[in-house]
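Student: Start counting the sequence shown at 1; every next residue gets the next number (the UniProt record's numbering).
Where a beta carbon is used, it is the ideal one built from N, C-alpha and C, also for glycine.
Note that the coordinates shown come from a computational prediction; the quantities given were computed from them, not determined experimentally.
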Amino acid sequence: MLKESEEKYRSMVNNLDLGFYQVDWEGNLLNYNPAFASLFGFGQDEDITNVNVKEFWQNSNERGPYLTELNKNGFIKNYIVHSKKRNGQKMVLQLNSHLIKSMDEEPIKIQGLISEITEKFELEQKVKESESKYRNLIESVPFSIALINLGGRVIYCNPATEKLLGFKEEELVGYEFRNLPIINQKYLPMMLKRFKKAANGEILPPFDVKLSKKDGSLIWINYQTSLVKLGEKLLIQAVLNDITERKRADLLIQEEIQKLKELDQIRKDLISRVSHELKTPLVSICGGSELLLELFGSDIKEEARELAEIIGKGGTRLKNLVDNLVDVTRIEYNKFELEIELINISDVLQDCAKEMMYLIKKREINFQLDLPDTLIVNIDRVRIEQVVLNILSNAIKNTPPNGKVVMKLTKKKEWVEFLVNDSGIGLTREEMDRIFTRFGKIERYGPGLEYIDIQGSGLGLFISKEIIDLHKGHIWAESGGRDKGSTFTIKLPIS
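1) Who are the near neighbours of residue 450 in its chain, counting only those whose CB is closer than 6 angstroms to its CB and skipping five residues on each side?
2) Leaving out five residues on either side along the sequence, give the residues of the same chain with a beta carbon under 6 angstroms from the beta carbon of residue 191.
3) Which parts of the segment 315 to 382 are runs of the alpha helix (DSSP H), unbroken and 4 residues or longer, counting only runs that do not cross its ends?
4) From the DSSP output, read off the bridge partner residues of residue 153.
5) Put residue 465 into one of helix, strand or coil per three-state DSSP.
6) So residue 14 packs on residue 33, CB below 8 angstroms; how close in whole Å?
7) Thinking just about the alpha-carbon of each residue, which of 391, 370 and 394 is nearest to the one in residue 410?
8) Put residue 108 into one of helix, strand or coil per three-state DSSP.
9) Tell me, to the nearest whole angstrom, how far the beta carbon of residue 21 is from that of residue 112; I am working on the premise that it is less than 8 angstroms.
10) Excluding the 5 residues preceding and the 5 following residue 327 in the sequence, name in chain order all residues of the same chain whose CB lies nearer than 6 angstroms to its CB.
11) Could you give the DSSP three-state label for residue 495: helix, strand or coil?
12) Closer than 8 angstroms is the cut-off here; do at least three beta carbon pairs connect the segment 478 to 488 with the segment 427 to 438?
13) Which class does residue 437 belong to by DSSP, given the choice of helix, strand or coil?
14) At what residues does the alpha helix (DSSP H) containing residue 164 begin and finish?
15) Straight-line CA distance for residue 417 to residue 293?
16) What distance in whole Å lies between the Cβ atoms of residue 102 and residue 108, which are believed to be in contact at a cut-off of 8 angstroms?
17) So residue 230 and residue 144 are supposed to be a Cβ contact under 8 angstroms. How far apart are they, rounded?
18) Is it buried or exposed, residue 163, if we count other Cβ atoms within 10 angstroms and call 16 or more buried?
19) In whole angstroms, give me the CA-to-CA distance for residue 218 and residue 172.
20) Can you tell me which of the three DSSP states residue 200 falls into?
21) Rounded to the nearest angstrom, what separates residue 333 and residue 459 at their Cα positions?
22) Nearest by alpha-carbon distance to residue 199: which of 434, 167 and 149 is it?
23) Alpha carbon to alpha carbon, how far is residue 361 from residue 331? Give it in angstroms, no decimals.
24) Going by DSSP, what residue range makes up the beta strand (DSSP E) through residue 478?
25) Under the rule that 16 or more other beta-carbon atoms within 10 Å means buried, what is residue 202, buried or exposed?
26) Report the three-state DSSP secondary structure of residue 428 (helix, strand or coil).
27) From the DSSP output, in three-state form, read off residue 100 for me.
28) Using DSSP bridges, identify the partner residues of residue 19.
29) Take residue 346 and list the residues in its own chain whose beta-carbon comes closer than 8 angstroms to its own, dropping the five residues that flank it on each side.
Here it is as structure tokens:
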């Protein structure tokens with residue numbers, strides 16, 4: 001019966017995939033199974049009884065600590081041994097050993113199971129090295145970094161995080177982030193929502209939150225979460241960036257912008273109110289001076305007539321300025337509207353030329369007009385007249401006596417193109433960049449420039465551009481430079 005039991009035991013041991021062994025306390029092999037022999041490179045027909053297992057250790061000195069622990073506890077589990085095969089090939093083994101003692105408690109022999117874990121061990125070492133490199137990296141960077149497991153519990157934070165928040169690592173690690181005193185409850189729902197998305201692998205944009213430091217002060221944090229894999233573990237990596245100063249600066253900027261908006265509104269309201277208040281008396285001044293000259297021009301003295309003309313011209317200039325200020329205010333309030341109708345634009349340009357003919361003759365300008373008889377377009381007649389008169393007037397005022405001004409209109413497919421070319425003082429590149437801006441008046445003085453009429457507010461071309469833009473058209477200036485004349489071109493859609 002005993003013999004039968006021993007045979008069953010022997011059969012079971014021999015069929016194990018794991019290596020079975022028995023050695024005496026000195027390490028001499030007493031018993032083993034085929035898996036053990038194969039593990040070390042021995043054939044089934046080779047007898048390795050009495051071979052000392054010290055030969056299978058890469059470093060036999062490492063066997064001492066193993067025996068000490070085994071003698072102390074009576075057994076040992078999952079003990080890692082750096083071993084080698086018969087041919088010297090290195091491998092890593094895992095031992096599970098049991099110590100058999102005599103009646104006197106003296107160690108007699110050791111038996112146990114052995115398995116090769118070389119591949120697993122090397123993989124684990126690589127993971128540990130990777131984790132070590134990662135830890136060394138995040139501990140040295142100036143950014144605050146925390147690692148959170150998928151259950152929401154903080155498992156690591158680097159020194160920069162401790163410095164930023166004022167909490168020591170042990171006050172943060174091990175706690176669910178939702179329960180940490182740093183969390184502002186106002187932002188918690190959004191943070192939890194983002195955490196779930198990050199845990200599912202979603203790539204999320206950075207997010208700004210306000211956190212509480214240990215001393216109770218509040219700081220603004222821009223944080224970025226991402227899913228990382230360390231070994232076999234999936235973790236959430238949170239990178240925290242202190243943006244408190246930037247937020248304060250943004251707040252100051254917003255406050256200043258608001259103040260500027262309020263001041264700008266006051267300015268707009270003041271210009272609008274003053275402009276409308278000035279209009280009525282200016283109409284009276286202009287109309288009164290004209291009526292005075294018309295009714296009594298031949299009866300009053302020369303000095304009085306000149307004075308009435310000066311009053312009329314000054315009133316007209318001031319009225320034009322007020323009209324421009326009113327237009328600018330409408331533009332700023334987005335209340336500048338057009339009254340579009342089908343118009344023969346040739347008639348509009350012809351009328352503008354007639355209106356400026358007095359000034360053309362007075363300044364002895366050689367004027368040429370090139371217009372088709374009929375060219376129908378959808379425009380606001382009054383506003384286009386305003387633009388044309390402004391451009392034509394500028395050309396005349398900036399051209400010397402006996403100079404040349406050409407006004408031309410052509411049709412080009414779905415557009416009409418109108419240009420005014422002069423042989424006057426011309427424009428520099430800097431001046432061309434300024435002329436269509438608000439108050440972009442160009443001041444030019446000096447010898448030989450006495451012919452230039454410098455009067456004006458600098459609003460005319462700014463308003464002209466707005467009018468053309470509202471017509472879905474284009475306006476631009478070209479010039480070869482100083483004393484090489486200028487060309488102003490306007491393109492308007494036909495429909």
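Tutor: In terms of the structure at hand:
1) As a first step, residue 450 is located in the sequence shown; it is residue number 450 there, counting from the start. With a pLDDT of 49 at residue 450, under the threshold of 50, the modelled position of that residue is not reliable, and the figure given next carries that caveat. Result list for residue 450: empty, nothing under 6 angstroms.
2) Position 191 of the sequence shown, counting from 1, holds the residue named residue 191. Taken in chain order, the list of residues that qualify is empty.
3) 345 to 362
4) To locate residue 153, count along the sequence shown from 1; it is residue 153. For residue 153, which the question treats as bridged, DSSP gives the partners 176.
5) In the sequence shown, counting from the first residue as 1, residue 465 sits at position 465. Looking at residue 465 - three-state DSSP - the assignment turns out to be helix.
6) Taking the sequence shown and counting its residues from 1, the one referred to as residue 14 is at position 14. Taking the sequence shown and counting its residues from 1, the one referred to as residue 33 is at position 33. Sure, about 5 angstroms apart at Cβ, within 8 angstroms.
7) Locating residue 410 in the sequence shown gives position 410, counting from the first residue. When each option's Cα is compared against that of residue 410, the closest is 370.
8) Taking the sequence shown and counting its residues from 1, the one referred to as residue 108 is at position 108. In this structure, residue 108 counts as strand in the three-state DSSP scheme.
9) Position 21 of the sequence shown, counting from 1, holds the residue named residue 21. Position 112 of the sequence shown, counting from 1, holds the residue named residue 112. Between residue 112 and residue 21 the Cβ distance is about 7 angstroms, and since that is below 8 angstroms, they are a contact.
10) Walking along the sequence shown from the start, residue 327 turns up at place 327. So the qualifying residues of the chain are 463.
11) Here residue 495 refers to the residue found at position 495 when the sequence shown is read from its first residue. Reduced to three states, the DSSP call for residue 495 is coil.
12) yes
13) For this step, residue 437 is matched to residue 437 along the sequence shown. Correct three-state label for residue 437: coil.
14) Here residue 164 refers to the residue found at position 164 when the sequence shown is read from its first residue. Residue 164 -> alpha helix (DSSP H) spans 159 to 165.
15) One-based indexing of the sequence shown puts residue 417 at position 417. One-based indexing of the sequence shown puts residue 293 at position 293. Going from the Cα of residue 417 to the Cα of residue 293 covers about 41 angstroms.
16) In the sequence shown, residue 108 corresponds to position 108, counting from 1. In the sequence shown, residue 102 corresponds to position 102, counting from 1. With 8 angstroms as the limit, residue 108 and residue 102 qualify as a contact, their Cβ atoms being about 5 angstroms apart.
17) Your numbering for residue 230 matches position 230 in the sequence shown. Your numbering for residue 144 matches position 144 in the sequence shown. So it is not a contact: roughly 18 angstroms between Cβ atoms.
18) Counted from its first residue, the sequence shown places residue 163 at position 163. With fewer than 16 Cβ atoms within 10 Å of its Cβ, residue 163 is classed as exposed.
19) For the purposes of this step, residue 218 is identified with residue 218 of the sequence shown, where counting begins at 1. For the purposes of this step, residue 172 is identified with residue 172 of the sequence shown, where counting begins at 1. Whole-angstrom Cα-Cα distance: 17 angstroms.
20) By one-based count along the sequence shown, residue 200 stands at place 200. Residue 200: coil per DSSP, three-state reduction.
21) By one-based count along the sequence shown, residue 333 stands at place 333. By one-based count along the sequence shown, residue 459 stands at place 459. Distance between the alpha carbons of residue 333 and residue 459: 16 angstroms.
22) Translated into the one-based positions of the sequence shown, residue 199 becomes position 199. Selected option, being the one with the closest Cα: 149.
23) Translated into the one-based positions of the sequence shown, residue 331 becomes position 331. Translated into the one-based positions of the sequence shown, residue 361 becomes position 361. So the alpha carbons of these two residues sit roughly 35 angstroms apart.
24) As a working note, residue 478 is residue 478 in the sequence shown. Taken as a continuous stretch (DSSP letters only), the beta strand (DSSP E) holding residue 478 covers 474 to 479.
25) By 1-based counting over the sequence shown, the position of residue 202 is 202. By the 10 Å Cβ count, residue 202 comes out exposed.
26) One-based indexing of the sequence shown puts residue 428 at position 428. Three-state result, residue 428: coil.
27) Counting from 1 along the sequence shown, the entry for residue 100 is found at position 100. Residue 100: strand per DSSP, three-state reduction.
28) Sequence index remark: in the sequence shown, residue 19 carries index 19 (1-based). According to DSSP, which records beta bridges pairwise, residue 19 is partnered with 114.
29) Here residue 346 is taken as the residue at index 346 of the sequence shown, counted from 1. The answer, listed in chain order, is 371, 372, 373, 374, 375 and 409.
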